[in-house]
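Here our numbering = 1-based position in the sequence shown + 206. Comments concern the structure below.
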Amino acid sequence: MSAADRFEHAAVLGVAMAEETRRLLRLHLGPTEVAADGTVVVDVPYPDAAVLLAVLDVAADCFGERGESVEETRQAALEKLLALAQAD
């Protein structure tokens with residue numbers, strides 16, 4: 207497999223992970239309040255929560271995200287994943 211093929215496959219996988227993340231969040235998004243800073247909390251139950259955490263940890267490593275806490279690192283990765291899922 208050529209480098210171009212590997213890059214294309216990695217890009218497709220990345221978009222698929224981003225779409226799955228968005229799907230899981232939408233599935234569990236219910237009536238919710240938005241905080242003054244725009245924060246929305248989504249309660250994702252097990253086993254979907256375990257899948258989502260694994261995806262966010264891999265994405266954080268992939269994107270080189272670092273935060274003061276694991277939650278901040280995952281949040282930064284989530285923001286990039288959701289932006290990737292919306293890219294055309």
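Every residue gets a Cβ at the ideal spot worked out from N, C-alpha and C, and that includes glycine.
Runs of alpha helix (DSSP H) lying entirely within the region 207 to 269, each at least 4 residues, in chain order = 209 to 234 and 254 to 269
Classify residue 382 as helix, strand or coil using the three-state DSSP reduction.
-> A query on residue 382 cannot be resolved here, the shown segment of the chain reaching from 207 to 294 and no further.
Outcome for residue 274 when other beta-carbon atoms lying within 10 angstroms are tallied against a minimum of 16 | exposed
DSSP three-state call for residue 282: helix, strand or coil?
-> helix
8 Å Cβ cutoff met for residue 291 and residue 238 = no
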